[in-house]
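Step one of this worksheet: look at the structure below.
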Amino acid sequence: MEVSEKVKVLQDLIKIHSVNGNEVEVARYLQKLLANHGIDSKVDEFGDRRANLIAEIGTGESKKILGLTGHQDTVAVPNPDRWQHDPFGGEISGDYIFGRGAADMKSGLAAQAIVLIELKEAGQLPSGTVRFIATAGEELGTPGAYRLQKQGVADDLDALVVGEPTGGNVIFAHSGSMNYRVTSYGKSCHSSHPQNGINAIEGLLKFIEEEKHLFDNTKDDQYLGKVQHSITVIDGGSQVNTIPDSASLQGNIRPTASFNNVKVADRLNDALEYINHTTPFQLELVDYRMKLATQLVVNKKRHSA
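Take the position in the sequence shown, starting the count at 1, then add 133; the result is the number in this note's numbering.
What follows is the structure in structure tokens.
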């Protein structure tokens, strides 16, 4: 492929709006692109416009299978009017291409598809198999990866290359990721008599103070470092003159191999139990979703996405 063709592939992918969904359009684009170069692929549609894509090349003479994988979704664009370039325009300025997903990770996705195309066109099919796996929902909930895991798509892989942006470094370890929600329950009343109620927002404040130091005494992982943790979303109250009887927050924690998902969940539950037994507030951990910490031994560089 010519350089201009490769750039256009990335531009086309950026122009597809796949913020936390609509991966089916990305998958269909990739399927058509690969088909134009004689490569078969399968689009597995599920849910509301979600889709994974799988394509393979190789002679199959060897049983070795190399996986190439990337996600088709992007994070949101909360303030598109503040961008200097259209976030879904794929505009080029100087040596840079701009747009949501230009780095994370439609560039990696494009590169992996182009690898298959160039190997095929050069007549350099591997003696084993190269399997390209494009997933749905990496940024939120990982539904595509869960579906692929249940289907056993990666079970026979000998190695897997993840095309996330790493600054050119080869990465051998990755922090986990746990998203959680805490809901605080209080008692509603008019704001002119707050003593008659229990302000659920104050319950969240208690948790926020606990959360600050929740992992202070955990040992740093040899490669992944500290357990990183942040509260990122807060929601509470429905009317300015009413004491809220419920409020919630969401947070994200990055477990490590040394302090894994189970230990993190235990810390969260212990914090809530302490608050529930020592204050008038009642807090509940209503859900949490995890991506397991993984270790791929290649090179000693740190990375957490």
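Just so it is clear, CB atoms sit at the ideal spot from N, CA and C, and this is done for glycine as well. The structure displayed is predicted, hence computed values, not measured ones.
| request: Specify, as a first and last residue, the run of the beta strand (DSSP E) that Glu178 falls within. | output: As a position in the sequence shown, residue 178 is number 45, starting the count at 1. Per DSSP, Glu178 belongs to the beta strand (DSSP E) from Ser174 to Phe179.
| request: From the DSSP output, in three-state form, read off Tyr407 for me. | output: If you number the sequence shown from 1, residue 407 lands on position 274. DSSP places Tyr407 in helix when its eight states are reduced to three.
| request: Select from Lys283, Asn385, Val263 and Val294 the residue whose C-alpha is nearest the C-alpha of His204. | output: Working through the sequence shown from its first residue, we reach residue 204 at position 71. Closest by alpha carbon: Val294.
| For Phe221, which residues from the same chain have a beta carbon less than 7 angstroms from its beta carbon, with the 5 sequence-adjacent residues on both sides left out? | Counted from its first residue, the sequence shown places residue 221 at position 88. Ile147, Lys148, His150, Gly232 and Arg233, listed in sequence order.
| task | Output the distance between the C-alpha atoms of Gly384 and Asn374, rounded to the nearest integer angstrom. | result | Mapped onto the sequence shown, residue 384 falls at position 251. Mapped onto the sequence shown, residue 374 falls at position 241. Taking the straight line from one Cα to the other gives about 28 angstroms.
| Taking just the CA atoms, how far does Asp291 sit from Ala438? | Residue numbering aside, residue 438 sits at position 305 when the sequence shown is read from its first letter. Residue numbering aside, residue 291 sits at position 158 when the sequence shown is read from its first letter. Interpretation of Ala438 is limited by its pLDDT of 39, a score under 50 that renders its predicted location unreliable; the figure taken from the coordinates is listed afterwards. About 23 angstroms.
| field | Status (buried if at least 16 other CB within 10 Å, exposed otherwise) for Val303 | value | One-based indexing of the sequence shown puts residue 303 at position 170. Counting Cβ neighbours within 10 Å, Val303 comes out exposed, since fewer than 16 surround it.
| DSSP-derived helix/strand/coil call for Gly223 | Counted from its first residue, the sequence shown places residue 223 at position 90. If DSSP states are grouped into helix, strand and coil, Gly223 belongs with coil.
| message | Considering just the uninterrupted stretch of the beta strand (DSSP E) at Tyr313, what are its terminal residues? | response | Numbered from 1 along the sequence shown, position 180 holds the residue referred to as residue 313. Looking at the DSSP string, the run of the beta strand (DSSP E) that includes Tyr313 is Ser310 to Tyr318.
| query | Can you pull the DSSP bridge partners for Tyr229? | reply | For the purposes of this step, residue 229 is taken as residue 96 along the sequence shown, with counting starting at 1. Its beta-bridge partners are Ser226.
| request: Could you pull out every residue in the same chain whose Cβ sits closer than 6 angstroms to the Cβ of Asp368, ignoring the five residues on either side in sequence? | output: Translated into positions along the sequence shown, residue 368 becomes position 235. Same-chain partners within the cutoff: Ser381.
| query | Excluding the five sequence neighbours on either side, which residues of its own chain have a C-beta within less than 6 angstroms of the C-beta of Ala209, listed in chain order? | reply | As a position in the sequence shown, residue 209 is number 76, starting the count at 1. For Ala209, where only same-chain residues beyond five positions count, the Cβ hits under 6 angstroms are Val152.
| query | Can a CB atom of chain C be found closer than 8 angstroms to the CB of Gly232? | reply | Included in the structure is just one protein chain, with no chain C present.
| field | Which residues DSSP lists as bridging His326, in chain order | value | Counting from one through the sequence shown, the residue named residue 326 turns up at place 193. Note: His326 sits in no beta bridge, so no partner.
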